[in-house]
Every structure is written in C-alpha cells, then in structure tokens.
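See structure below.
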Amino acid sequence: MKEQPEIRKKLHATALDAPKTSGVYLWKDEAGTILYVGKAKSLKNRLSSYFTSGRDIKTRILVSRARSIEYITTDNEYEALLLENTLIKQHSPRYNINLKDGKTYPVVKITNEDFPRVYRTRTIHNDGAQYFGPFPNLNAIDNFLDFVKRSYRLRQCRRLVKRSTPCLYYHIGRCSAPCAGKITKDEYRAQLEELYLLLDGDA
Numbered sequence: 170m171k172e173q174p175e176i177r178k179k180l181h182a183t184a185l186d187a188p189k190t191s192g193v194y195l196w197k198d199e200a201g202t203i204l205y206v207g208k209a210k211s212l213k214n215r216l217s218s219y220f221t222s223g224r225d226i227k228t229r230i231l232v233s234r235a236r237s238i239e240y241i242t243t244d245n246e247y248e249a250l251l252l253e254n255t256l257i258k259q260h261s262p263r264y265n266i267n268l269k270d271g272k273t274y275p276v277v278k279i280t281n282e283d284f285p286r287v288y289r290t291r292t293i294h295n296d297g298a299q300y301f302g303p304f305p306n307l308n309a310i311d312n313f314l315d316f317v318k319r320s321y322r323l324r325q326c327r328r329l330v331k332r333s334t335p336c337l338y339y340h341i342g343r344c345s346a347p348c349a350g351k352i353t354k355d356e357y358r359a360q361l362e363e364l365y366l367l368l369d370g371d372a
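Per the working numbering, the sequence shown starts with residue 170, numbered consecutively.
As structure tokens, then:
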C-alpha cells in the first residue's frame, strides 16, 4: 500500500504539532483500529522520525496504512513505558507483535515475602506474588528494573540469609540490606508501596 500524499501530510503535521514531552502514541487505521503503540521521551522528536528518509520496510508499511495519530502525555518516561505496556496488552496491535510463537512477554514479579524481591519473569504462577506488565521486550523491562534498583533499594539476592555485614549492593546504594538488619519490615514496605503506586500509574 502506497502512502497517499494528503494523508501523509496530515500525519506529518500531527507529528510536528506534538509536544516535546514524554508520552505514548498510537497509530490508527481508517476504522480507528490501533496498528501500533509506542512510547517516547519526546513525542515530537519520535513521531517526526517516522517521516525521515531511510525508514525500514515495516515503518513504511505502518505509515502507509495509518490514517491518524493520537498521543497521551505522561509526567516521565517510565510512566510512558508502563502505559505503553498496558495499551499493548489491551489491544494487541499487529505491529507490536515482535516475539516468536511459543514465547510470552516478560513481566515484573514482586514476590510474596516479608522483604519482597523484584525481578523479571516470563511465567506467572498462583503463588501470592504480584505481576505487572507485560513489557514489549527484554531491553524495556531491564531498563525499568535498573531504574527500580537505583530508586527503591529493594533486595536483589534470591534467598534472604542473615548477615553480620551488608553486601556490596548496600554500599553502592542499590539495596537497603534487610539481611543485615539495616531496615525494618515496615520501612521496607513503605519503599515498596511507592513502587506499587508507580506500577499502578498513580505515582
């Protein structure tokens, strides 16, 4: 399907009018069906990039089939990431399907323990843990988890074993060291609640 000049001009104008803030954008076809959901640190810069030369075949096909672009602004890039994943899960846009058959999207797991651990997984069990996602790819979820480790200082060890001194992660600000008694259960839960607010989109 070839790009139609008038439609392309309209789409390009929408891209140029978009704000330079983080957010999520949706490409839609003539029937209003969502073709693709993406996130951006700068909506204007990201959307404008779809109209530059040297685009791959997938991008050219997407633009040729689209009839409108909508976007939702967010307070930061991580809110955009979470919203993007929610919309992909709800609508399953055809151009967001990048994983091979038989694979599932990675999700964030928060374990059901006194001092919960946060990590990525592709399997969901009825184990009392909380799961958030899915994320579109491993790079997206790993970037998010790196942000979590830097911001919330939750434990990273698979098994919580009491220690007399904290590990290296405590000294570099990546863990609050519940293993060494450096934080109480209530204090740890307070940190975790902030993460829940972010994952639920209320932060």
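Note that beta-carbon positions come from the ideal geometry of N, C-alpha and C, so glycine has one too.
When C-alpha distances from Leu323 are compared across Thr353, Gly297, Gly302 and His294, the shortest belongs to Thr353. Counting only the Cα atoms, Arg286 lies some 12 angstroms from Ala346.
For the 9 angstroms CB-CB criterion, Thr242 and Leu195 do not form a contact. One thing to note: Leu361 has its Cβ within 9 angstroms of the Cβ of Ile279.
By DSSP's assignment, Ala200 forms no beta bridge with any residue. Rounded to the nearest angstrom, the gap between the Cα atoms of Gly192 and Leu252 is 8 angstroms.
Arg289 is a Cβ neighbour of Leu307, given a cutoff of 9 angstroms. Between Asn254 and Gly302, the beta carbon gap of about 6 angstroms places them in contact (Cβ cut-off 8 angstroms). In the DSSP annotation of this structure, the continuous segment of the beta strand (DSSP E) that includes Thr242 starts and ends at Ser237 to Thr242. Assigned with DSSP and collapsed to three states, Phe313 falls in helix.
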